[in-house]
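Heads up: the sequence shown begins at 12 in the numbering used here, then just goes up one per residue. Cβ coordinates follow ideal geometry from the N, Cα and C atoms, glycine included.
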Amino acid sequence: MTPARPLIPYPHALTHDEGHFVIDSDTQIRAMRGAEPAADWLAVFLRHGTGFPILTAPLTISEAEAALDNTIELILLDSDPELDDEGYRLDVMPDSIRLEANTPAGLFYGAQTLRQLLPAELETPPTAGEPPAAVPCLDIEDAPRYRWRGLHLDCARHMMPVAFIKRFLDWMALHKFNTFHWHLTDDQGWRIEIKAYPRLTEIGSQRAATPIPADRKTLDGQPYGGFYTQDEVRDVIAYAADRFITVVPEIEMPGHAAAALASYPELGCVGSGYQVRTFWGIEDDVFCAGNDQVFTFLENVLSEVIDLFPSAFIHVGGDECPKVRWEQCPKCQAAIAREGLKDEHELQSWFIRRMETFLNAKGRRLIGWDEILEGGLAPNATVMSWRGTEGGIAAAAAGHDVVMSPMSHCYLDYYQSEDTDNEPPAIGGYLPIDQVYRFNPAEGVPADKSGHVLGGQGNLWTEYMPTEAQVEYMAYPRAAALAEALWTAPAERDYGDFAARLNAHLLRLDALGVRYRQPNERES
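Shown next, in the form of structure tokens:
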């Protein structure tokens with residue numbers, strides 16, 4: 012396939028036609044009722060990039076049938092069975108452009124495709140002598156393979172400013188990602204304001220020091236802290252929603268809780284002496300599973316989180332929970348005996364099931380890392396499989412929904428080159444862009460259970476990403492490869508073709524100011 016423009020992700024079906032549609036000062040956007048969000052976004056983009064006063068106006072059914080000259084028409088269909096909820100059709104003709112979809116989200120993704128069909132120069136305000144904004148004539152019918160197309164950002168280890176998160180969401184929208192997994196609490200920091208528990212941000216958001224990136228055993232001696240107010244959280248959620256991105260919060264439990272325990276020591280098995288963890292790694296001190304105060308605390312925290320986040324899913328972590336404190340804790344041992352549990356692994360499962368019951372009663376769904384499988388999976392839980400795909404395959408086979416996010420393909424905090432001496436310090440591992448591109452979330456899942464695979468997600472753990480620039484460097488262009496892996500079916504993908512399109516796509520990332528890693532010759 013030879014694309015007219017470097018489209019990423021590549022559409023399901025594309026047919027080239029002769030000619031171009033040229034955007035000029037008289038071009039207008041007409042939108043049917045319900046199509047206004049995509050129309051408004053497109054108008055702002057075109058005004059910014061062309062300098063033309065692109066106007067928007069309503070579009071009637073009769074006008075849509077007539078195909079108005081020099082018009083970009085956005086049409087929200089009643090219900091076309093040939094298009095799914097996020098699919099779209101784009102027909103570029105010499106005199107008009109017609110974009111149609113069953114949902115506003117589908118129209119928005121079609122608008123992103125139209126954006127990529129235009130020159131990358133339109134990502135910045137126009138200057139004298141730029142080429143005209145011409146769109147090649149073609150027909151596209153497109154829809155994503157998966158409904159969960161996510162990127163994760165850890166803001167507990169290193170907190171990223173709201174302004175950066177908005178840029179991050181903008182780049183996600185360009186690549187048709189639709190889920191932003193926001194990691195907000197961990198041993199090294201509690202980053203979300205909870206009004207019922209002010210010490211979480213007074214104490215839990217501050218750590219005494221941070222490891223030096225090049226030497227994880229040495230601390231820098233500099234206090235580090237910060238958190239997002241609830242107003243800032245609402246602002247991020249609204250910004251994401253305008254780009255058809257759902258924000259899924261992660262509140263870690265029962266492990267990765269040192270910042271919470273430092274704030275409220277009575278929630279731990281020992282009951283005192285806790286500090287916000289400075290070094291990376293796993294902390295032995297976790298929430299006391301035999302203490303009812305813990306569940307009152309977590310339910311109150313999650314109630315405020317639910318009030319903020321409209322996401323159907325609430326991520327509870329559930330990973331890397333040492334059992335050493337539970338083994339020695341009279342309250343935890345009493346809970347094991349009282350509930351008829353076999354061991355501490357079943358205690359963790361009981362803990363997660365209890366939290367799931369609470370979330371389900373609030374109309375939400377629990378999702379957690381694949382350790383929530385240990386000791387038995389909660390009845391309605393969704394598994395995010397990270398230690399490989401085996402946990403996800405087992406969960407899907409048992410009838411549970413899964414999101415695949417294995418280290419083998421999705422850990423964007425891993426090195427991008429085997430020549431680590433010439434790369435910034437990273438957590439370890441090696442994940443080249445071609446490996447990301449070959450990710451297939453359904454691989455290994457029984458065919459009759461593949462519907463339980465919601466999709467996949469790339470993860471950016473920020474222990475070794477102290478700056479915005481480093482997050483960008485680690486995310487792109489690998490995130491572009493992941494976007495295509497989650498949107499385009501494996502049979503329609505070819506890495507050599509992707510690499511050729513990526514070389515041109517990088518011009519768009521340049522225009523957007525993304526500080527990505529330049530692929531080497533082997534990668535491109």
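Spatial neighbours of residue i in its chain, beta-carbon cut-off 6 angstroms, leaving aside the 5 residues before and after
i	result
residue 521	none
residue 151	22, 25 and 101
residue 229	223
residue 311	207
residue 197	167, 263 and 267
residue 170	202 and 237
residue 384	402
residue 389	363, 364 and 367
residue 87	43, 45 and 46
residue 103	32, 146, 148 and 149
N-terminal and C-terminal residue of the alpha helix (DSSP H) that residue i is part of
i	result
residue 343	341 to 349
residue 219	No alpha helix (DSSP H) holds residue 219; DSSP gives it neither H nor E.
residue 177	173 to 185
residue 260	First-last for residue 260: 257 to 264, but that is the beta strand (DSSP E), not the alpha helix (DSSP H).
residue 48	47 to 61
residue 356	355 to 372
residue 212	210 to 213
residue 125	115 to 128
residue 242	241 to 252
residue 72	72 to 77
residue 404	401 to 408
Contact set for residue i: own chain, Cβ-Cβ below 8 angstroms, skip 5 residues either direction
i	result
residue 488	444, 513, 516, 517, 520, 527, 528 and 530
residue 12	Reliability of the predicted coordinates at residue 12 is poor, the pLDDT of 39 falling under 50, and no value is obtained from them.
residue 173	239, 243, 246 and 247
residue 503	21 and 23
residue 72	43
residue 58	64 and 65
residue 296	268, 269, 272, 279, 280, 281, 285 and 336
residue 294	198, 266, 267, 268, 269, 288 and 333
Residue range of the unbroken beta strand (DSSP E) whose run includes residue i
i	result
residue 324	324 to 328
residue 19	Element bounds for residue 19: n/a, residue is neither H nor E.
residue 273	Where residue 273 is concerned, there is no enclosing beta strand (DSSP E), although the alpha helix (DSSP H) it sits in stretches over 269 to 274.
residue 107	107 to 112
residue 431	Residue 431 -> no beta strand (DSSP E), and no H or E assigned at all.
residue 293	It is not in any beta strand (DSSP E) - residue 293 carries neither H nor E in the DSSP assignment.
residue 96	Per DSSP, residue 96 belongs to no beta strand (DSSP E) and is neither H nor E.
residue 226	226 to 230
Supposed contact pair residue j and residue i - C-beta distance, whole angstroms, cut 8 angstroms
i	j	result
residue 270	residue 201	4 angstroms
residue 426	residue 437	5 angstroms
residue 133	residue 61	6 angstroms
residue 274	residue 215	4 angstroms
residue 511	residue 19	With a Cβ gap of about 11 angstroms, residue 511 and residue 19 do not count as contacting.
residue 189	residue 257	6 angstroms
residue 450	residue 467	6 angstroms
residue 423	residue 471	5 angstroms
residue 160	residue 497	4 angstroms
residue 40	residue 54	5 angstroms
Beta bridge counterpart(s) of residue i as assigned by DSSP
i	result
residue 395	380 and 414
residue 159	466
residue 39	66 and 82
residue 26	150
residue 306	According to DSSP, which records beta bridges pairwise, residue 306 is partnered with nothing at all.
residue 190	161 and 257
residue 285	BP columns for residue 285 are empty, so no partner.
residue 103	108 and 149
residue 144	34
residue 445	Residue 445 pairs with nothing; no bridge assigned.
residue 198	Bridge partners of residue 198: none, in fact.
residue 203	239
residue 540	With the chain covering 12 to 535 only, the question about residue 540 has no answer from this structure.
residue 87	112
residue 279	298
7 angstroms Cβ shell around residue i - same chain, five flanking residues per side excluded
i	result
residue 453	461 and 464
residue 350	361
residue 56	126
residue 481	435
residue 343	280, 299, 300, 301, 337 and 358
residue 316	260, 262 and 325
residue 346	300, 301 and 358
Residue i beta carbon near the ligand GTP (any heavy atom closer than 7 angstroms)
i	result
residue 495	Only the bare structure without any ligand can be found here, which leaves the ligand GTP out of the picture.
Completely contained beta strand (DSSP E) runs for the stretch 447 to 508, where each covers 3 or more residues: The stretch 447 to 508 contains, as complete beta strand (DSSP E) runs of 3+ residues, the segments 464 to 471 (chain order).
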